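Heads up, the thing below is written out as structure tokens.
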Amino acid sequence: MTLDRINAPSFIDLEPFTLVKPDKLNEASGLTAFILEQGQQEVCRLEITFPAGKWYEPYTGVSYFTSKLLAEGTQKHSSGELQQIIAQYGSFFEVNPGNDQVTLSIFCLSRYLKPMLTLLEEMIEQPLLDAEELDKLKSQARQNYALNLNKTSYLAGRAYIHLLFGNDHPYGRVLDDQAIEKVTLEDIKKFHQHAFHWNQASVFISGKGENLNAFIQDWMKSKNIPGPLKGSLSFNSPRPVGQKIKVEKEGAVQSSVKAGFFIPSRYEESFPAIYMYNEIFGGYFGSRLMQNIREDKGFTYGIHSSMVQDIHTSYWSVQTDVNGDNAEATVREIKFEMQRMQDELVSEDELKVVKNYIIGSFISSLDTPFSFMDRFKATYFNELGDDYYERLMKKLLAVTTQQIQDVAKKYFDPEQLNVVVAGK
Amino acid sequence: MIDFKTFELENGLRVIVHEDHSRPTVVLNLIYDVGSRDEDPAKTGFAHLFEHLMFGGSANIPSFDEPLQRVGGENNAFTSPDVTNYYTLVPAANIETAFWLESDRMLSLSFDQKVLDVQKNVVIEEFKQRYLNQPYGDAWLKLRPMVYTQHPYAWPTIGKELSHIENVVMDQVRDFFYSHYIPNNAVLVLGGHITLEQAKELSEKWFGPIPAGKKPLRALPKEPAQKEARRGETSGDVPMDAFYRAYHMCGRWEKDFFASDLMCDILGRGKSSRLYEKLVNTDKIFHSLQSYVTSSFDPGLIVIDGKLRDGVSIEEGEKRVNEVIQELLDKGITDKELEKVKNQAESTLIFSESELLNRVMNLAFAALEGDPNLANGEVERLRAVTKEQVEQMAKQILRPENSSTLIYRSNKK
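From first to last, the protein sequence lines are chains A and B. Heads up: the first sequence runs through residues 1240 to 1663, numbered per the working numbering. Heads up: the second sequence runs through residues 1367 to 1779, numbered per the working numbering.
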């Protein structure tokens, strides 16, 4: 029998599946911990988050510098000593000040979890918050900013975010030289006092270890300290449509394009259809944008669309870097593809491919205990419910070509696209 | 410890199977023993451009990606100076699709002129995006030819210059394919939710009928021992002056590799390292500073790079780096320091091995070098390194006459 190389081997359509969930531990004060004991290697990741991101800061930069200063010395150890201790255990530390949460993370061999947790406690409870260390961080931030100003992708991204959110919204503000200058040590100390309370913290531990639950339960009792409740805040942003911005960058070899607008959030009925729209349009390698602008025209190394879906915001963007001469043609093709999504139904076949691709890549992405925990964190911080992904997969598989065209017409109007081009 | 079994097909394709049934995914990884070091110096960047063409249609299948996405799979590839590696992740139930696709493009490509024309443009934009449109992005384009005068590591994988990519013609593509993309010049690694029996049956069925070719002989010029310090200068529209220094060291499979790597870690890995602690944290000379190894198959490099703080001259920065190096040479290292970098290296290895794809790739690299078991026992080998060996490596490597220094000045001053 000769081998049939022309026709694809038979395959099965993929089904929704159940994700592994962490155990939850609660204290009366509000402190919460999640533990996922899984994996074959004796390593774990410890993360502690506080609602202390940009959303909660009094002005730009306070959250950033407060978070970064936690690791730059405590009442007991200098910043250099902290780094030595972390490294001596073969551990890796990072602090990520985000839009909403600030996260302190340690990656370590599981047998060193205890001393690492003690060290994080020390940073959180007794940071030095020292003027000289602040100067060092400010100098690094200024130089990073100067470096970023040389990147067209940064310039386009910054102008785009500023356009969407404006000056009055914490997400729209930029940590530029002026903002860096303005941040004072007094305000950092105040912010640390009111934003880093154990009763508002969430702790996430994932990896392989022994008796993690019992150990963390004990530890939590010592941190069962009442504190202020998180206030509710809200900010307004303009809802720009159809804006065009050009950011000049002399000598740029390529132009960076960033385009998009606000879309309905993941709490809305239409979200599964919007998710499918994005995937088909520019969410994966076989997307319309990649097929047209990379694989047919060769304008770029890559072009993608993506959604930012957070508890406080929800927007959609397209981004790419292209030869400056092709920037205009690229924007034209993006709009052309948006128009096509409105005018023509996506074929059943294309939809089928994307559905299998979404479920398949979701399965493949869940490889380590850390990846399961990351998915769980997204549902937790966005208050989506523990079985969110199981429900979402079912809804995605049920989306019809008509529903995709409906959201295309309702929410993805090419005329409304905001476009930023940074380059020559 | 990565468990594996091996077998070989009649056409010379080596197959390695790493069973792990904890997740419902299979990785199919095919590594070819060809990289940018195998290129003609007048036609660089070709191995990588070729990798792009591997997605543009094969003997019987017009597109690689679409049928794979249809069954829930994803894939990617990369080219390095040493190898070209293709990998596919697919839900176990649909693994046969990956065999069908991957074997068809080993059988033959479609050699479509439009695909070549478009991918030349895509790669040219990739070149710009990664190297030309980034501040300091061209530093390595300048550093490599200073350090390597004979060996093909003198050019980066993306190519020496845009014109080399622009000038590629289809005949070259054909020649390259038929000389390097043959079963006896590749290793297939299967990892995850697949059994040895399945792996044997499917490998035999899809790859077995592909004829062997003549395995290309690799006779690369050896880089002669460097006799005197080299210096170079460049400038660009960058916000601050930057400093690059490269020293020759051994390749990643040689016996001195771990001692050299740990020495480099002591010098400049992370915020607790000597360079960072002294010159960034305490004396505030640099804004960033680090050292790392290139880990190439043929003899590689230890590289130190850093960006200077405003108001500090590049000459001062270099002097201070030299002092830190001199101190290491004069006074040696401490037991505690060595224990620290060993702990860091161990946990990095273990974290990396918690991902199936990394375990599979480690096996693939090691197998290409001749023994998949080289992927195991790394922790033991680095644990065995002594203080004396590290100090010996420092003396052997960190010599001025073994160094190349590139100064990157900011035009803004």
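Each residue gets a CB set at the ideal place from its N, CA and C atoms; glycine is no exception. The structure displayed is predicted, hence computed values, not measured ones.
Consult DSSP for B:A1552 and reduce its assignment to one of helix, strand or coil. Reading the second sequence from its first residue, position 186 is the one you call residue 1552 of chain B. Note: B:A1552 maps to strand in three-state DSSP.
Along the chain, where does the beta strand (DSSP E) containing B:Y1398 start, and where does it finish? One-based indexing of the second sequence puts residue 1398 of chain B at position 32. T1391 to Y1398 is the span of the beta strand (DSSP E), which, as asked, contains B:Y1398.
Do B:C1616 and B:V1659 have their beta-carbon atoms positioned less than 7 Å apart in this structure? By one-based count along the second sequence, residue 1659 of chain B stands at place 293. By one-based count along the second sequence, residue 1616 of chain B stands at place 250. Contact: no.
Mind listing which residues of the stretch 1315-1335 of chain A have their C-beta closer than 8 Å to chain B's C-betas, in chain order? S1318, G1319, Q1322, Q1323, I1325, A1326, Q1327, Y1328, G1329, S1330 and F1331
When the Cβ atoms of the stretch 1721-1737 of chain B are set against those of the stretch 1546-1563 of chain B, are three or more pairs found closer than 8 Å? yes
On the DSSP letters alone, give me the boundaries of the beta strand (DSSP E) that A:L1264 sits inside. For the purposes of this step, residue 1264 of chain A is taken as the residue at position 25 of the first sequence. A:L1264 -> beta strand (DSSP E) spans D1262 to N1265.
Going by DSSP in three states, A:T1305 sits in which element: helix, strand or coil? Walking along the first sequence from the start, residue 1305 of chain A turns up at place 66. Helix.
Let me make sure I understand the geometry here. Which of A:I1464, A:P1467, A:L1472 and A:I1502 has the alpha-carbon closest to that of A:V1480? The residue you call residue 1480 of chain A lines up with position 241 of the first sequence. Of the listed residues, the one whose Cα sits closest to A:V1480 is A:I1502.
What's the gap between the Cα of A:Q1493 and the Cα of A:S1473? For the purposes of this step, residue 1493 of chain A is taken as the residue at position 254 of the first sequence. For the purposes of this step, residue 1473 of chain A is taken as the residue at position 234 of the first sequence. Using only the alpha carbons, I get a separation of about 38 Å.
Per-residue DSSP class, three states only, for A:T1618: Position 379 of the first sequence, counted from the first residue, corresponds to residue 1618 of chain A. In the structure shown, A:T1618 sits in a helix (DSSP, three-state: H, G or I).
Assigned exposure category for B:A1608 - 16 Cβ within 10 Å defines buried: Taking the first residue of the second sequence as position 1, residue 1608 of chain B is located at position 242. Answer is buried; the Cβ neighbour count reaches 16.
So A:N1389 contacts chain B; which residues on that side make the cut at Cβ distance below 7 Å? The sequence position of residue 1389 of chain A within the first sequence is 150, counting from 1. P1501, D1603, V1604 and P1605, listed in chain order.
Give the DSSP-derived three-state secondary structure of B:Y1610 in the structure shown. As a first step, residue 1610 of chain B is located in the second sequence; it is residue number 244 there, counting from the start. Of the three classes helix, strand and coil, the one that applies to B:Y1610 here is strand, per DSSP.
Using DSSP with H/G/I as helix, E/B as strand and the rest coil, what is B:C1616? As a first step, residue 1616 of chain B must be located in the second sequence, where it is residue number 250. Coil, per DSSP.
Between the stretch 1710-1733 of chain B and chain A, which residues of the former have CB atoms less than 9 Å from a CB of the latter, in chain order? Q1710, A1711, E1712, S1713, T1714, I1716, F1717, E1719, S1720, E1721, L1722 and L1723
Given 8 Å, three or more beta-carbon pairs between the stretch 1443-1455 of chain A and the stretch 1345-1361 of chain A: yes
Report the option in A:S1318, A:Y1384 and A:D1339 whose CA atom is closest to the CA atom of A:E1361. For this step, residue 1361 of chain A is matched to residue 122 along the first sequence. When each option's Cα is compared against that of A:E1361, the closest is A:S1318.
If you measure from the beta carbon of B:H1614 to each beta carbon in chain A, is any gap under 7 Å? Working through the second sequence from its first residue, we reach residue 1614 of chain B at position 248. Not one chain A Cβ lies under 7 Å of B:H1614.
Could you tell me whether the Cβ atoms of A:K1591 and A:L1636 are closer together than 7 Å? The residue given as residue 1591 of chain A occupies position 352 in the first sequence. The residue given as residue 1636 of chain A occupies position 397 in the first sequence. Their beta carbons are not under 7 Å apart, which means A:K1591 does not touch A:L1636 by this criterion.
Taking B:Y1452 as part of the alpha helix (DSSP H), name the residues at either end of that continuous run. Against the second sequence, residue 1452 of chain B aligns to sequence position 86. Counting along the chain, B:Y1452 falls outside any alpha helix (DSSP H), though it belongs to the beta strand (DSSP E) covering T1450 to P1457.
Alpha carbons only, please: which of A:E1534, A:L1270 and A:Q1314 is nearest the one belonging to B:V1484? For the purposes of this step, residue 1484 of chain B is identified with residue 118 of the second sequence, where counting begins at 1. Minimum Cα distance to B:V1484 is reached at A:E1534.
Tell me the rounded alpha-carbon separation between A:A1395 and A:I1573. Indexing the first sequence from 1 puts residue 1395 of chain A at position 156. Indexing the first sequence from 1 puts residue 1573 of chain A at position 334. So the two alpha carbons sit approximately 16 Å from each other.
Check whether the Cβ of A:D1560 lies closer than 7 Å to any Cβ atom in chain B. Here residue 1560 of chain A refers to the residue found at position 321 when the first sequence is read from its first residue. Yes, contact with chain B.
May I ask you to verify whether the stretch 1311-1326 of chain A touches the stretch 1253-1260 of chain A, counting CB pairs closer than 8 Å and requiring at least 3? no
Do you know how far the Cα of B:E1468 is from the Cα of B:R1540? Here the question's residue 1540 of chain B lines up with position 174 in the second sequence. Here the question's residue 1468 of chain B lines up with position 102 in the second sequence. Those two C-alpha atoms are separated by around 18 Å.
B:V1449 vs B:H1546 beta-carbon contact at 7 Å: The sequence position of residue 1449 of chain B within the second sequence is 83, counting from 1. The sequence position of residue 1546 of chain B within the second sequence is 180, counting from 1. Contact: no.
Since A:V1492 meets chain B, which of its residues come closer than 8 Å, beta carbon to beta carbon? Stepping through the first sequence from its first residue, residue 1492 of chain A is reached at position 253. Neighbours of A:V1492 on chain B, chain order: K1494, L1498 and N1499.
Same chain, Cβ closer than 8 Å to A:T1569, five either side skipped, listed in chain order: Within the first sequence, the letter at position 330 stands for residue 1569 of chain A. Closer than 8 Å at Cβ, skipping near neighbours: V1496, I1532, F1538, T1539, I1542, T1559 and V1561.
Does the beta carbon of A:A1247 come closer than 7 Å to any beta carbon on chain E? Protein chains A and B are contained in the structure displayed, whereas chain E is not.
What's the call for B:R1611, buried or exposed, on a 16-neighbour Cβ count within 10 Å? Numbered from its first residue, the second sequence carries residue 1611 of chain B at position 245. The residue in question, B:R1611, is buried, as its Cβ has 16 or more Cβ neighbours within 10 Å.
Can you list, in chain order, the residues of its chain with a C-beta nearer than 7 Å to that of B:R1510? Leave out the 5 residues immediately preceding and following it. Here residue 1510 of chain B corresponds to residue number 144 of the second sequence, with the count starting at 1. Excluding positions up to five away in sequence, the list reads Y1519, A1520, W1521 and P1522.
Using the three-state DSSP reduction, which class does A:H1431 fall into: helix, strand or coil? Within the first sequence, the letter at position 192 stands for residue 1431 of chain A. A:H1431 falls in the helix class under three-state DSSP.
Contact criterion: CB-CB distance below 7 Å. Does A:L1348 meet it with respect to chain B? Indexing the first sequence from 1 puts residue 1348 of chain A at position 109. Yes, A:L1348 lies at the interface with chain B (some Cβ there is under 7 Å from its Cβ).
Taking the C-alpha atoms as reference points, what is the distance between A:R1478 and A:L1264? The sequence position of residue 1478 of chain A within the first sequence is 239, counting from 1. The sequence position of residue 1264 of chain A within the first sequence is 25, counting from 1. When rounded, the distance between both Cα atoms is 40 Å.
If you draw a straight line from the C-alpha of A:I1464 to the C-alpha of A:H1431, how long is it? By 1-based counting over the first sequence, the position of residue 1464 of chain A is 225. By 1-based counting over the first sequence, the position of residue 1431 of chain A is 192. Each residue's alpha carbon lies about 16 Å from the other.
Could you name the residues that DSSP lists as bridge partners for B:Y1502? By one-based count along the second sequence, residue 1502 of chain B stands at place 136. B:Y1502 pairs with nothing; no bridge assigned.
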